[in-house]
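**Student:**
There are 2 protein chains.
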Amino acid sequence: MLRMSKMTDYGIVLMTELARAEGDTRTTRELAARTRVPLPSASKVLKGLLQAGLVVSQRGANGGYGLARPATSLSLAELVSALEGPVSLTECGVHATSAMPCELESVCQVRGHWRLINQAIQEALGRLTLADLLAPAPRMPERLVGLGVPSRPQHPAAPPNASSTSVTGVRS
Amino acid sequence: MLRMSKMTDYGIVLMTELARAEGDTRTTRELAARTRVPLPSASKVLKGLLQAGLVVSQRGANGGYGLARPATSLSLAELVSALEGPVSLTECGVHATSAMPCELESVCQVRGHWRLINQAIQEALGRLTLADLLAPAPRMPERLVGLGVPSRPQHPAAPPNASSTSVTGVRS
DNA sequence: TGCAATGTGGACTGAATCGGTCCAGATTAC
DNA sequence: GTAATCTGGACCGATTCAGTCCACATTGCA
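Structure (structure tokens):
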């Protein structure tokens, strides 16, 4: 659990494929075929990426999609945010000025902690770029050194729940 | 998005309340009343926590729930794992020996990266204990220093999606 | 000029999940 | 024996999600 949606999964795979094109445009059909993402879904995701400004489109014959910026400047955090909304485990801290303010704000002391956790997750995602995903998976990429080092008692592995596969899962 | 489920949210609030009892047991009714979690839902979540071994129960009259271990040794990662399943943004890396192995494993280079990201998130959650949540929210707790420091270009804030509230959100 | 290829925006549907509720039964204190 | 409490499971309605489809706009090319 605590998963990204499948669409976000698709989005990352499609962006990775686009990054391989290096400036060229690719049609939705091409991208779908190469990534095995169902065509209509690929189309849907690409529309979302377009609205988020992460890709540019060329309409008409010989049209297609291309990256809006170099792969080296597109962070995973941006991708996930664009497709999934703000990265935040709880509502708390997302809309600080919500229409539904915290009625027990004065007595609750959890908020600050969550904000930092959300921040940490966002940072972990922000450290990797699309370009990084193209490179061979490193044993321990410099950017994550210091994050992945256990410093607390290991918690027992949660029961594995056999479930559906994700594209990222399947292809990664 | 990228949210915990509401049940996990409840679980954290309930555990926090249990931690305040400091060894005493609390009935489901008490816990629900204090946290404003709907009683049946609180009951459901507590059952789950019991099976995960995070709380102990005393049946019968004068029964109730108590923490299975001191709050200082219960990490948030444990809590989330217990209620939400393995912490992993993608299927990939959760069941490495899945019945559905990656057909394109040889060409895919994303897996290693995801594994590290999942690890980073898990670490961020593992650094905080239940006891930490009881303390006043710090500006920047020592345990997270170094995680929350931006090192990449800030990505534009994703469009705020006004939505429902979470318990943690409401009370934090 | 017209046609074919392609993206655009939106509606729609079936399935799965989630939040929430309820109940019959076991256990314990008094 | 009775009341209070946890236990395990079934159940339901609402929501979300993945996926599909369609009418239309745009563009390149014959």
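Line order of the protein sequences matches chains A and B. The first sequence maps to residues 185 to 356 in our numbering. The second sequence maps to residues 185 to 356 in our numbering. Built from N, CA and C at the ideal position, the CB exists for glycine as well.
Thinking Val271/A and Asn246/A are a contact (beta carbons under 8 angstroms), I'd like their distance in whole angstroms, please.
**Tutor:** Your numbering for residue 271/A matches position 87 in the first sequence. Your numbering for residue 246/A matches position 62 in the first sequence. Not confirmed; about 36 angstroms, so no contact.
**Student:** Name the chain B residues whose beta carbon is nearer than 9 angstroms to that of Ser225/A?
**Tutor:** Position 41 of the first sequence, counting from 1, holds the residue named residue 225/A. Result: empty, since nearest Cβ-Cβ is about 17 angstroms, beyond 9 angstroms.
**Student:** Looking at C-alpha atoms only, which residue of Ala205/B, Ala308/B, Glu268/B and Arg311/B is the closest neighbour of Met188/B?
**Tutor:** Locating residue 188/B in the second sequence gives position 4, counting from the first residue. Ranking Ala205/B, Ala308/B, Glu268/B and Arg311/B by Cα distance to Met188/B puts Glu268/B first.
**Student:** Checking contacts by CB at 7 angstroms: is Ser290/B closer than that to chain A?
**Tutor:** Working through the second sequence from its first residue, we reach residue 290/B at position 106. Here Ser290/B scores only 41 on pLDDT, less than 50, and its place in the model should not be relied on; the value that follows carries that caveat. Not one chain A Cβ lies under 7 angstroms of Ser290/B.
**Student:** Bridge partners for Gln242/A per DSSP, in chain order?
**Tutor:** If you number the first sequence from 1, residue 242/A lands on position 58. Gln242/A is bridged to Gly248/A.
**Student:** Counting only Cβ-Cβ distances shorter than 8 angstroms, please list the residues of the region 255-267 of chain A near chain B, keeping chain order.
**Tutor:** If the cut-off is 8 angstroms between Cβ atoms, the region 255-267 of chain A has Ser257, Ser259, Leu260, Ala261, Glu262, Val264, Ser265 and Ala266 near chain B.
**Student:** Buried or exposed for Gln306/A, please, with buried defined as at least 16 other CB atoms from any protein chain shown within 10 angstroms of its CB.
**Tutor:** Taking the first residue of the first sequence as position 1, residue 306/A is located at position 122. By the neighbour-count rule (16 or more Cβ atoms within 10 Å), Gln306/A is buried.
**Student:** Ala216/B lies in the alpha helix (DSSP H); which residues open and close that run?
**Tutor:** Taking the second sequence and counting its residues from 1, one reaches residue 216/B at position 32. First-last of the alpha helix (DSSP H) with Ala216/B: Thr212 to Thr219.
**Student:** If you count every other CB in all the chains shown that lies within 10 Å of the CB of Arg243/B, and 16 or more means buried, which is it?
**Tutor:** Counted from its first residue, the second sequence places residue 243/B at position 59. So Arg243/B ends up on the exposed side.
**Student:** Cβ closer than 7 angstroms: which chain B residues qualify as neighbours of Val271/A?
**Tutor:** One-based indexing of the first sequence puts residue 271/A at position 87. Neighbours of Val271/A on chain B, chain order: Leu186.
**Student:** Can you find a CB in chain B that lies within less than 7 angstroms of the CB of Leu234/A?
**Tutor:** One-based indexing of the first sequence puts residue 234/A at position 50. Answer no: the Cβ-Cβ gap between Leu234/A and chain B never drops below 7 angstroms.
**Student:** Comparing the C-beta of Leu251/B with each C-beta of chain A, is any distance below 7 angstroms?
**Tutor:** One-based indexing of the second sequence puts residue 251/B at position 67. So, not an interface residue.
**Student:** Identify the residues that DSSP records as bridge partners of Thr274/A: which are they?
**Tutor:** Your numbering for residue 274/A matches position 90 in the first sequence. Answer is none; Thr274/A lacks a bridge partner.
**Student:** Please list, in chain order, the chain B residues whose beta carbon lies closer than 9 angstroms to that of Leu230/A.
**Tutor:** For the purposes of this step, residue 230/A is taken as residue 46 along the first sequence, with counting starting at 1. Neighbours of Leu230/A on chain B: none; closest Cβ ~18 angstroms, over 9 angstroms.
**Student:** Kindly list the residues whose CB is nearer than 6 angstroms to the CB of Gly310/B, restricted to its own chain and excluding five residues on each side of it in sequence; keep chain order.
**Tutor:** Numbered from its first residue, the second sequence carries residue 310/B at position 126. These residues qualify, in order along the chain: Ser259 and Ala261.
**Student:** Give me the chain B residues within the contact set of Ala216/A, using Cβ-Cβ distance strictly less than 8 angstroms, ordered along the chain.
**Tutor:** By 1-based counting over the first sequence, the position of residue 216/A is 32. Correct list: empty, because the minimum Cβ distance to chain B is about 15 angstroms.
**Student:** Would you kindly report the start and end of the unbroken alpha helix (DSSP H) that includes Pro222/B?
**Tutor:** Sequence index remark: in the second sequence, residue 222/B carries index 38 (1-based). Segment: none, Pro222/B is in no alpha helix (DSSP H) and carries neither H nor E.
**Student:** Assess contact between the region 203-212 of chain B and the region 196-214 of chain A, defined as three or more Cβ pairs (one per stretch) separated by less than 8 angstroms. Is contact present?
**Tutor:** They do not touch, by the three-pair rule.
**Student:** Can you tell me whether DSSP reads Thr209/B as helix, strand or coil?
**Tutor:** The sequence position of residue 209/B within the second sequence is 25, counting from 1. Coil at Thr209/B, not helix or strand.
**Student:** If you follow the alpha helix (DSSP H) that Ala315/B is in, where does it begin and where does it stop?
**Tutor:** In the second sequence, residue 315/B corresponds to position 131, counting from 1. First-last of the alpha helix (DSSP H) with Ala315/B: Leu314 to Leu318.
**Student:** Are any of the Cβ atoms in chain A nearer than 7 angstroms to that of Glu201/B?
**Tutor:** For the purposes of this step, residue 201/B is identified with residue 17 of the second sequence, where counting begins at 1. So, not an interface residue.
**Student:** Among Ala203/A, Tyr194/A, Lys190/A and Leu186/A, which residue has its Cα nearest to the Cα of Asp316/A?
**Tutor:** For the purposes of this step, residue 316/A is taken as residue 132 along the first sequence, with counting starting at 1. Among Ala203/A, Tyr194/A, Lys190/A and Leu186/A, the Cα nearest to that of Asp316/A belongs to Ala203/A.
**Student:** Comparing C-alpha positions only, which one of Arg253/A, Trp298/A, His297/A and Gly296/A sits nearest to Thr200/A?
**Tutor:** Here residue 200/A refers to the residue found at position 16 when the first sequence is read from its first residue. Closest option to Thr200/A, Cα to Cα, is Arg253/A.
**Student:** Residue range of the alpha helix (DSSP H) that Ala266/B falls in?
**Tutor:** In the second sequence, the residue the question calls residue 266/B occupies position 82. Leu260 to Glu268 is the extent of the alpha helix (DSSP H) around Ala266/B.
**Student:** Taking buried to mean at least 16 other C-beta atoms within 10 Å of its own C-beta, is Thr313/B buried or exposed?
**Tutor:** By one-based count along the second sequence, residue 313/B stands at place 129. By the 10 Å Cβ count, Thr313/B comes out buried.
**Student:** Evaluate Ala319/A with the Cβ neighbour count: other Cβ atoms within 10 Å of its Cβ, from every protein chain shown; 16 or more gives buried, anything less gives exposed.
**Tutor:** Position 135 of the first sequence holds residue 319/A. Exposed is the call here.
**Student:** Apart from the five residues just before and just after Ala234/A, which ones in its own chain have a Cβ nearer than 6 angstroms to its Cβ?
**Tutor:** Sequence index remark: in the first sequence, residue 234/A carries index 50 (1-based). Correcting the residue type first, residue 234/A is Leu in the shown sequence and not Ala. Excluding positions up to five away in sequence, the list reads Ser241.
**Student:** Are Tyr194/A and Val229/A close, meaning C-beta to C-beta below 7 angstroms?
**Tutor:** Position 10 of the first sequence, counted from the start, is the residue given in the question as residue 194/A. Position 45 of the first sequence, counted from the start, is the residue given in the question as residue 229/A. Yes.
**Student:** Looking at the structure shown, is Ala308/A part of a helix, part of a strand, or coil, going by DSSP?
**Tutor:** The residue given as residue 308/A occupies position 124 in the first sequence. Correct three-state label for Ala308/A: helix.
**Student:** Which term fits Ser356/A, buried or exposed, when burial requires 16 or more other beta carbons within 10 angstroms of its beta carbon?
**Tutor:** As a position in the first sequence, residue 356/A is number 172, starting the count at 1. At Ser356/A the pLDDT is 37, less than 50, meaning the model places this residue with poor confidence; the figure from the coordinates comes in the next sentence. Ser356/A comes out buried.
**Student:** With distances taken between CB atoms, is the gap from Ala205/B to Ala216/B smaller than 7 angstroms?
**Tutor:** By 1-based counting over the second sequence, the position of residue 205/B is 21. By 1-based counting over the second sequence, the position of residue 216/B is 32. Against a cut-off of 7 angstroms, the Cβ pair of Ala216/B and Ala205/B comes out as no contact.
**Student:** Under a three-way DSSP split, which group does Ala236/B fall into?
**Tutor:** The residue given as residue 236/B occupies position 52 in the second sequence. DSSP places Ala236/B in coil when its eight states are reduced to three.
**Student:** Check whether the Cβ atoms of Thr219/A and Leu186/A sit closer than 7 angstroms, and answer yes or no.
**Tutor:** Along the first sequence, read from residue 1 onward, the residue named residue 219/A stands at position 35. Along the first sequence, read from residue 1 onward, the residue named residue 186/A stands at position 2. Contact: no.
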